[in-house]
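Peer 1: Chains as they are written, first to last, in our numbering: chain G, 1 to 84; chain W, 85 to 670.
Given below as structure tokens:
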């Protein structure tokens, strides 16, 4: 069973099924975020349904590109023999 | 003392017979000691044990309270899991080092005074350094020496702080540091934050852990940083500086993880990131925040060791560690993939996994304390955590481009150890109450609310969307990243250059000067000295000697050998004495 589950995420033949399942989950998460009761809202964003999705996506993109910018443009990434 | 067995004693004395035990008995013994230690810690009673006076200082070997019990519990559980994972090793050295390492960590966790703490603090550094050296090879030995140097330096700073603190307060008992932060407090804080890998003192961790042995890195991922979290929680709760250091740390680790190509170094950067949550929680210092930090340390030890065990299994089987050289292993190692992913879901704080019930407590405490920026920073770090440990690392290690590597599942003991950690990661996520009951303060926090679940899933699933869309940008590259270890790694090179080039040239110049100017002067001075010696000093000495010789000749002529002459001389002497007595004395 474990092998089948792992194969589902790896094998090429399940690629389209995987993609459909993934987008379905994304939609369900956003819908659930709109439906869930919000009685305790501390901050502005706590009252915005779908905020976490936007923030998660934004964080991910920001982290990727800021890090790669620092790595490539600010000289953090070096050849592997840099210290030799 | 009879009702209290110090778990450190179990491990340190228990390490002695290890080299002499072989085969099944040896293996059983390696598991028996951690199992006994778990029982000891579960039945331990809060209180003070082993108070004594040494060189006029109060010593308290063990101070047991709820905070120390939380850490001791997870340390002993982790010791058992780590030993199961390392059971196939035949070299006793690593087992002994691991036992001493765990024992020292427990010694720190129960230390009631600074001297005991410092003793075990150094014990940890040396025992864990062995786990790096044991890997062998030039890179590991160099990294081990750097690791040791950094920790010894940190230890000296800590000792300096302890002495200043002791002189100022008159007591070396270990507890919250109160009042104004002085030099002593800052030195102690620096020593503690070094072991917690707070930037800029973080680079020793990401430098050394990936170079350690497969099994050694599992132990290292668990103990050093978390004992540092414990001592910070004990001494510096509510220190504002730590809130910001923690928030920066959480993001720092995540940013470096994007750039990393070595699988265990990537995980090591996530230790930095995760310990950031704990440090921030301690800095906030409210009951909920300290609870959050302690529970997150508990959960972290289990899922991080699981991740290190998964990556270690891949290294053990394939001998490769770079993401650029790995891929396609899911076909041959499905169990390892599944177990690794449990750890990945736990660190990413998916609902029903351990991170969900602990990390959220720290974030909620920051929210309650009206720290919006900290909440946003920690949430962003959560996104980065899933991006790397949950998506990037497994994708490039197990899926991705098939490198056609020959692989199989790792030895059964490794899988069992991973299974134990995985079960605990899920059990804590589903039933958080037993963990909450262990925490130092009463817990008034409900992780499973509708909003919390949908918000967490929103952040995580849309992070996954970002990963899918920008996968090409995340492709690992054959590089290393410069961290703060640059200062001492390049610094050491510059120092050696300084020693070899300018200093050597200076030494040459000095010897030139001495040959051209100083030596002739010295020669001249020596010749003058000789002349003075011959003409002056010798003449005086010879003159004195000649006079003595002459005096001796005269005396010899006085000695005639005739008794009457001597008698006459005696009588003359006697009369002279009487005259002197009669005239001069009176």
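Where is the CB? At the ideal position from N, CA and C, for every residue including glycine.
Owing to the predicted nature of the structure, the values given are computational and were not obtained by experimental measurement.
To the nearest angstrom, how far is the alpha carbon of residue 85 of chain W from that of residue 124 of chain W?
Peer 2: In the second chain, the residue the question calls residue 85 of chain W occupies position 1. In the second chain, the residue the question calls residue 124 of chain W occupies position 40. For residue 85 of chain W, the predicted structure reports a pLDDT of 46, less than 50, and the residue's modelled location is therefore unreliable. A value from the coordinates is still provided. Computed Cα separation, rounded: 14 Å.
Peer 1: Check residue 78 of chain G in the structure and name its three-state DSSP category.
Peer 2: Numbered from its first residue, the first chain carries residue 78 of chain G at position 78. In the structure shown, residue 78 of chain G sits in a strand (DSSP, three-state: E or B).
Peer 1: Which residue marks the beginning of the alpha helix (DSSP H) containing residue 289 of chain W, and which one marks its end?
Peer 2: In the second chain, residue 289 of chain W corresponds to position 205, counting from 1. Its alpha helix (DSSP H) spans residues 287 to 292.
Peer 1: Would you kindly report the start and end of the unbroken beta strand (DSSP E) that includes residue 143 of chain W?
Peer 2: Position 59 of the second chain, counted from the first residue, corresponds to residue 143 of chain W. Here the beta strand (DSSP E) through residue 143 of chain W covers 141 to 148.
Peer 1: Compare the C-beta of residue 55 of chain G with all C-beta atoms of chain W and state if any pair is closer than 8 Å.
Peer 2: Against the first chain, residue 55 of chain G aligns to sequence position 55. The beta-carbon of residue 55 of chain G is placed less than 8 Å from the nearest beta-carbon of chain W.
Peer 1: Please state whether the Cβ-Cβ distance between residue 337 of chain W and residue 357 of chain W is less than 8 Å.
Peer 2: As a position in the second chain, residue 337 of chain W is number 253, starting the count at 1. As a position in the second chain, residue 357 of chain W is number 273, starting the count at 1. Yes. Within cutoff.
Peer 1: If you reduce the DSSP assignment to three classes, tell me which class residue 565 of chain W lands in.
Peer 2: Here residue 565 of chain W refers to the residue found at position 481 of the second chain. Note: residue 565 of chain W maps to strand in three-state DSSP.
Peer 1: So what's residue 406 of chain W in DSSP terms, helix, strand or just coil?
Peer 2: Residue numbering aside, residue 406 of chain W sits at position 322 when the second chain is read from its first letter. In this structure, residue 406 of chain W counts as strand in the three-state DSSP scheme.
Peer 1: Just to make sure I have the definition right: I need the residues of chain G whose C-beta is within less than 7 Å of the C-beta of residue 418 of chain W. Which are they?
Peer 2: Counted from its first residue, the second chain places residue 418 of chain W at position 334. Here the neighbours are 2, 3 and 6.
Peer 1: Apart from the five residues just before and just after residue 435 of chain W, which ones in its own chain have a Cβ nearer than 6 Å to its Cβ?
Peer 2: Taking the first residue of the second chain as 1, we reach residue 435 of chain W at position 351. Taking C-beta separations shorter than 6 Å and ignoring five residues to either side along the sequence, the partners of residue 435 of chain W in its chain run 537, following chain order.
Peer 1: List the residues of chain G whose Cβ lies closer than 9 Å to the Cβ of residue 557 of chain W, in chain order.
Peer 2: Translated into positions along the second chain, residue 557 of chain W becomes position 473. Those within 9 Å of residue 557 of chain W in chain G are 64, 65 and 68.
Peer 1: Interface residues of chain G around residue 544 of chain W at Cβ under 8 Å?
Peer 2: As a position in the second chain, residue 544 of chain W is number 460, starting the count at 1. Result: 56.
Peer 1: Cβ of residue 378 of chain W within 8 Å of Cβ of residue 518 of chain W?
Peer 2: For this step, residue 378 of chain W is matched to residue 294 along the second chain. For this step, residue 518 of chain W is matched to residue 434 along the second chain. Their beta carbons are not under 8 Å apart, which means residue 378 of chain W does not touch residue 518 of chain W by this criterion.
Peer 1: Pull up the DSSP beta-bridge partners for residue 138 of chain W, would you.
Peer 2: Within the second chain, the letter at position 54 stands for residue 138 of chain W. The partner list for residue 138 of chain W (beta bridge, DSSP) reads W:141.
Peer 1: Where residue 267 of chain W and residue 288 of chain W are concerned, what is the direct C-alpha to C-alpha distance, given to the nearest angstrom?
Peer 2: Locating residue 267 of chain W in the second chain gives position 183, counting from the first residue. Locating residue 288 of chain W in the second chain gives position 204, counting from the first residue. The straight-line gap from Cα to Cα measures roughly 24 Å.
Peer 1: Report buried or exposed for residue 486 of chain W, applying the criterion of at least 16 other Cβ atoms within 10 angstroms of its Cβ.
Peer 2: In the second chain, residue 486 of chain W corresponds to position 402, counting from 1. Label assigned to residue 486 of chain W: exposed.
Peer 1: Can you say whether residue 73 of chain G is buried or exposed, counting buried as having 16 or more other CB atoms within 10 angstroms of its CB?
Peer 2: Position 73 of the first chain, counting from 1, holds the residue named residue 73 of chain G. That one is exposed.
Peer 1: DSSP on residue 257 of chain W, reduced to helix/strand/coil?
Peer 2: Here residue 257 of chain W refers to the residue found at position 173 when the second chain is read from its first residue. Looking at residue 257 of chain W - three-state DSSP - the assignment turns out to be strand.
Peer 1: Check the Cβ-Cβ distances between residue 332 of chain W and every residue of chain G, and say whether any is below 8 Å.
Peer 2: Locating residue 332 of chain W in the second chain gives position 248, where the first residue counts as 1. Judged by the 8 Å Cβ criterion, residue 332 of chain W is not in contact with chain G.
Peer 1: How many Å lie between residue 172 of chain W and residue 321 of chain W at the Cα?
Peer 2: On the second chain, position 88 is the one that residue 172 of chain W refers to. On the second chain, position 237 is the one that residue 321 of chain W refers to. Approximately 41 Å, taken between the alpha carbons.
Peer 1: By the criterion of Cβ-Cβ separation under 8 Å, what are the contact partners of residue 451 of chain W in chain G?
Peer 2: The residue labelled residue 451 of chain W in the question sits at position 367 within the second chain. Correct list: 42 and 43.
Peer 1: How is residue 132 of chain W classed by DSSP in three states: helix, strand or coil?
Peer 2: Position 48 of the second chain, counted from the first residue, corresponds to residue 132 of chain W. DSSP places residue 132 of chain W in strand when its eight states are reduced to three.
Peer 1: Fully enclosed by the segment 545 to 605 of chain W, which alpha helix (DSSP H) runs are 4 residues long or longer?
Peer 2: Segments of the alpha helix (DSSP H) lying fully in the segment 545 to 605 of chain W: 570 to 584 and 586 to 597.
Peer 1: Give a yes or no on whether the minimum CB-CB distance between residue 10 of chain G and chain W is below 8 Å.
Peer 2: Within the first chain, numbered from 1, the residue matching residue 10 of chain G stands at position 10. Taking Cβ atoms only, chain W reaches closer than 8 Å to residue 10 of chain G, which makes this a yes.
Peer 1: Do we get a CB-CB distance below 8 Å when we pair residue 38 of chain G with the residues of chain W?
Peer 2: Start at 1 with the first residue of the first chain, and residue 38 of chain G comes out as number 38. Taking Cβ atoms only, chain W reaches closer than 8 Å to residue 38 of chain G, which makes this a yes.
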